[in-house]
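2 protein chains.
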Amino acid sequence: MSEPKIRNMEEFAAKAGISRPTVSKYFNDPDSVRSSTRSRIEKALEQYDYRPNLYAINQNRRLTKNIGIVVPYVADPFFAEMSRKIERQCIAAGFSPSTFSSHGSPKQEVEILDTLRSIRPAGVLLAPLGRTSDRKTIEAFCKDVPTVLFDANIEGIEASFIGSDNFQSVPMMVDYLCRTGGPPCFFEMPPVNPNANKRRIAYVQAMEALGHEPHVLRVDGQGWEFEDVGFSGGMTLLEEGRFPSSTVLCSNDRLAIGLLSAAYHSGIQVGLTDGCTLRIAGHDDHPFSRFTCPSLTTVSQDYAAISERSVKTLFALIESEDKTALQEEVLFNGQLVMRASA
Amino acid sequence: MSEPKIRNMEEFAAKAGISRPTVSKYFNDPDSVRSSTRSRIEKALEQYDYRPNLYAINQNRRLTKNIGIVVPYVADPFFAEMSRKIERQCIAAGFSPSTFSSHGSPKQEVEILDTLRSIRPAGVLLAPLGRTSDRKTIEAFCKDVPTVLFDANIEGIEASFIGSDNFQSVPMMVDYLCRTGGPPCFFEMPPVNPNANKRRIAYVQAMEALGHEPHVLRVDGQGWEFEDVGFSGGMTLLEEGRFPSSTVLCSNDRLAIGLLSAAYHSGIQVGLTDGCTLRIAGHDDHPFSRFTCPSLTTVSQDYAAISERSVKTLFALIESEDKTALQEEVLFNGQLVMRASA
DNA sequence: CTCATTATTTTACGCGCGTAAAATTATTAT
DNA sequence: ATAATAATTTTACGCGCGTAAAATAATGAG
Chain A
0 MSEPKIRNME EFAAKAGISR PTVSKYFNDP DSVRSSTRSR IEKALEQYDY RPNLYAINQN
60 RRLTKNIGIV VPYVADPFFA EMSRKIERQC IAAGFSPSTF SSHGSPKQEV EILDTLRSIR
120 PAGVLLAPLG RTSDRKTIEA FCKDVPTVLF DANIEGIEAS FIGSDNFQSV PMMVDYLCRT
180 GGPPCFFEMP PVNPNANKRR IAYVQAMEAL GHEPHVLRVD GQGWEFEDVG FSGGMTLLEE
240 GRFPSSTVLC SNDRLAIGLL SAAYHSGIQV GLTDGCTLRI AGHDDHPFSR FTCPSLTTVS
300 QDYAAISERS VKTLFALIES EDKTALQEEV LFNGQLVMRA SA
Chain B
0 MSEPKIRNME EFAAKAGISR PTVSKYFNDP DSVRSSTRSR IEKALEQYDY RPNLYAINQN
60 RRLTKNIGIV VPYVADPFFA EMSRKIERQC IAAGFSPSTF SSHGSPKQEV EILDTLRSIR
120 PAGVLLAPLG RTSDRKTIEA FCKDVPTVLF DANIEGIEAS FIGSDNFQSV PMMVDYLCRT
180 GGPPCFFEMP PVNPNANKRR IAYVQAMEAL GHEPHVLRVD GQGWEFEDVG FSGGMTLLEE
240 GRFPSSTVLC SNDRLAIGLL SAAYHSGIQV GLTDGCTLRI AGHDDHPFSR FTCPSLTTVS
300 QDYAAISERS VKTLFALIES EDKTALQEEV LFNGQLVMRA SA
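Protein chains in written order, with numbering that gives the first Met the number 0: chain A, 0 to 341; chain B, 0 to 341.
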């Protein structure tokens, strides 16, 4: 690296002996300049470390290369993992992703969409809070900015949605549980998320299809501290002996982790082995579910497929002219993950 | 909101009947304009929703209002929580924080610092990977950009550091464990993070001070999938009966969660109650530690104090001229969290 | 070697805003 | 009321780059 620091593209272009607009072209797409020019620029790049000013670039480009990723709760490992997968693919495609977390708050979600507008993203991947989301804001946002919803759908909104098929995964789990023991009851909290709702409905349908009577247990609780809700709700139900069956299907893994903890706390052994009086199953294959005691039987969502398809759909949307034509809804199947808890 | 959409500050200023630079002043600090002017602007703001272009702003400002937050692994709830706390405080101070995760990769860490430069942040809060970090890059970065290190220090670098005092927390835990049962051995993995190192040293010192012989058990494993390492390492040690004592202090909670899982898997009961043959303690008070089975006895780090002090220190650094004078190293005490596992 | 095709450069302009300095207005002291 | 001073607004300029159009150079076919 040489002494005199390069201040802008003008100076750098001079050092490279090439005109500024050509250098500009290079940075937008190295293959768009002659190979001899390219190597001259790259040689200069090694000598005088220079990087185009991000703000100047984005101010002038018709469309930025930014991608917004919005998840309801990054502290939830499921979303941490999802957003990471998505980020990677965006980067691979030459975009600059940035992730935002609504932290379970609709206000925050609106706030994020607002900030997002100000960075003029090429597109947005949004996993909305669901029920509590400000529908109008999201609807308006989807109209203005190419957006793909994932994980949780907001029905009736003009936007593509990529997620899991709860009506495949839940019956599969119910079927498994019924084959291997008593039919399960369904343990849920107030459905902040539409998936929770669908899962309950899918559970009821599946039970009825198998000729069993469905039992839904709803516990109080709000926010996104699901483990906490699962624990305290579970404690109450266990103390009062209100579980109608010895097999419990939870609406998601985090709730199950809480319930697992409550069972342990109450001296109830969970699992399939001798002495166990309770079976607990979850949904999602949360990254920590392998390490619970006992390890959690659950349904894995196809993280890779969902993230890949979401990104792919978004890119198609960005590139297309006709924003409305491409609308699609894709649901992936879950897979049964048999572990020790059920 | 009226029909004609405002395209820039010029247009908006015209609508408000005020010159553009005055409007600019308003957005930078509403109190810097006369109250009569302010109310006129705010009235116009209600009519024609307008937001200044972020890129234009940052291109022209001497210093942006951006704050970079870098953590080794966002999927780790500890860092998820930390970064969230930090974000909040930055926002409250009128800054725009954005969080990046190194995902345990030094390459990624360097990459992030590089990207960070291009957004010309006012300051950066960096929780480095530690051992594996590219020291030179970080050193150079700290010289150029106001940076405060937190959680893990890189000793010898000219930068402030805010963290926990392992030499307070670990002896406290060792002392507790010795009082309530047999002296603990120390379960660790290769120390990717300097804290792990310090904790081992602190453990040895504390044991010797109490007249016990220290036993350090190191298991193989790399990366940041600590639970995985704890589980497989724990399984091996348990199978081979190589735990020298029935009390195990783990270098962090995630490792402990893995070990807990291994113990369960091996049919070993963990805790203080009858029939338990193993005690396991962790460090950090990981958000999920309350829900493990049994719940995990650990040392809580003072999240709030660390994040607050880090932000405060950074702001002081940003505002000061003499970048070197303010260097400080602050260590907070941990607190014993007695739960069921030890 | 000439003409048609690309690839590149030059020219020229604008993006939306920050900011120093100059001009204006409001405020206070006399 | 008037001059002096402080507060505010306007003027004027530039930031670093994208981009379209026109001019030029390099390449290839015949």
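Glycine included, each C-beta is placed from N, C-alpha and C at the ideal position.
All of these numbers come straight from a predicted model, not from anything done at the bench.
Leaving out the 5 sequence neighbours to the left and right, which residues in its chain are closer than 7 Å to residue i when beta-carbon positions are compared?
{"i": "Phe26(A)", "result": "Pro51"}
{"i": "Asn194(A)", "result": "Ala151 and Asn165"}
{"i": "Lys84(A)", "result": "Tyr302, Ala303 and Ser306"}
{"i": "Gly181(B)", "result": "Ser244, Ser245 and Thr246"}
{"i": "Gln107(A)", "result": "Ser101"}
Under 7 Å between beta-carbons, which chain A residues line up against residue i? List them in chain order, please.
{"i": "Ile118(B)", "result": "Leu53"}
{"i": "Glu187(B)", "result": "Going along chain A, no residue has its Cβ under 7 Å from Glu187(B), so there is no contact; the nearest lies around 18 Å."}
{"i": "Cys10(B)", "result": "What sits at residue 10(B) in the sequence shown is Glu, not Cys. Chain A residues near Glu10(B): none, gap ~17 Å exceeds 7 Å."}
{"i": "Gln58(B)", "result": "Asn52, Tyr54, Ala55 and Gln58"}
Roughly how far, in whole angstroms, is the beta-carbon of residue i from the beta-carbon of residue j, given that I think they are within contact range, below 8 Å?
{"i": "Val247(B)", "j": "Ser299(B)", "result": "In fact, because the Cβ distance is near 19 Å, the residues do not count as touching under 8 Å."}
{"i": "Val228(B)", "j": "Gly220(B)", "result": "3 Å"}
{"i": "Ala121(A)", "j": "Phe149(A)", "result": "17 Å between Cβ atoms; not a contact."}
{"i": "Val22(A)", "j": "Ile40(A)", "result": "6 Å"}
{"i": "Pro105(B)", "j": "Ser132(B)", "result": "6 Å"}
{"i": "Ile267(B)", "j": "Leu277(B)", "result": "5 Å"}
Note down, in chain order, every chain B residue with its Cβ under 7 Å from the Cβ of residue i.
{"i": "Pro29(A)", "result": "In chain order: nothing, as chain B lies at least about 18 Å away."}
What residues of chain A sit near residue i, judged by a beta carbon separation below 9 Å?
{"i": "Cys292(B)", "result": "Leu259, Ser260, Ala262, Tyr263, His264, Val269, Thr291, Cys292 and Pro293"}
What residues of chain B sit near residue i, judged by a beta carbon separation below 8 Å?
{"i": "Phe314(A)", "result": "Those do not exist, as Phe314(A) stays about 21 Å from chain B at its closest Cβ, beyond 8 Å."}
Give me, in chain order, the residues of the same chain whose beta-carbon lies closer than 6 Å to that of residue i; leave out the 5 immediate sequence neighbours on both sides.
{"i": "Arg19(A)", "result": "Met8, Glu9 and Ala12"}
{"i": "Pro96(A)", "result": "Ile66, Ile68, Glu86 and Cys89"}
{"i": "Cys177(A)", "result": "Leu209"}
{"i": "Ile118(A)", "result": "Asn65"}
{"i": "Ser340(A)", "result": "Val269, Gly270, Ile279, Pro293, Leu295 and Thr296"}
{"i": "Met0(B)", "result": "Reliability fails at Met0(B), whose pLDDT of 48 lies under 50, so the model's placement of it is uncertain and the value that follows must be treated cautiously. So the qualifying residues of the chain are Asp48."}
{"i": "Thr98(B)", "result": "Ile68 and Ser82"}
{"i": "Lys24(A)", "result": "Ser31 and Val32"}
List, in order along the chain, the chain A residues whose C-beta lies closer than 8 Å to that of residue i?
{"i": "Phe287(B)", "result": "Glu226, Ile256 and Phe287"}
Between residue i and the rest of its own chain, which residues show a CB-CB distance below 8 Å, the 5 nearest in sequence each way excluded?
{"i": "Arg338(A)", "result": "Ser288, Arg289, Pro293, Ser294, Leu295, Thr296 and Thr297"}
{"i": "Tyr72(A)", "result": "Phe78, Ser100, Ser101, His102, Gly103 and Trp223"}
{"i": "Arg199(B)", "result": "Phe185, Glu187, Pro190, Val215 and Ser250"}
{"i": "Asn332(B)", "result": "Ser163, Asp164, Gln167, Ser168 and Asp301"}
{"i": "Ala205(B)", "result": "Val169, Pro170, Val173 and Asp174"}
{"i": "Leu237(B)", "result": "Ala261, Ala262, Ser265 and Ile267"}
{"i": "Thr312(A)", "result": "Val147, Ser159, Ile161, Leu325, Glu327 and Val329"}
Practice item. Check distances from the C-beta atoms of the region 41 to 52 of chain A to those of chain B and list, in chain order, the residues that come in under 9 Å. Key: Arg50, Pro51 and Asn52
Practice item. Give, in chain order, every residue of the region 72 to 84 of chain B whose Cβ lies closer than 8 Å to some Cβ of chain A. Key: Val73, Ala74, Pro76, Ala79, Glu80 and Arg83
Practice item. Can you give me, in chain order, the residues of the region 242 to 263 of chain B that have a beta carbon less than 7 Å from any beta carbon in chain A? Key: Ile256, Gly257, Leu259, Ser260 and Tyr263
Check your understanding: Hey, which unbroken runs of the alpha helix (DSSP H) at 4 residues or more fall wholly within the region 127 to 167 of chain B?
Key -> 134 to 143
**Study point:** Cβ-based contacts, 8 Å cut-off: residues of the region 96 to 110 of chain B near chain A
**Key:** Ser97, Thr98, Ser100 and His102
Point to revise | Within 9 Å of chain B by C-beta, residues of the region 226 to 238 of chain A in sequence order | key: Glu226, Asp227, Gly229 and Phe230
Point to revise | Uninterrupted beta strand (DSSP E) stretches inside the region 190 to 255 of chain A (no shorter than 3 residues) | key: 215 to 217 and 246 to 249
Check your understanding: At what residue ranges does the region 33 to 72 of chain B contain a whole run of the alpha helix (DSSP H), taking only runs of 4 or more?
Key -> 34 to 46 and 53 to 59
Practice item. At 4 residues or longer, and completely inside the region 248 to 332 of chain B: list those alpha helix (DSSP H) runs for me, N to C. Key: 252 to 264 and 302 to 318
Exercise for review: Give, in chain order, every unbroken run of the beta strand (DSSP E) that is at least 3 residues long and sits entirely within the region 73 to 111 of chain B.
Suggested key: 95 to 100
Practice item. Quick one: which unbroken beta strand (DSSP E) runs of 3-plus residues sit fully inside the region 168 to 192 of chain B? Chain order, please. Key: 184 to 187
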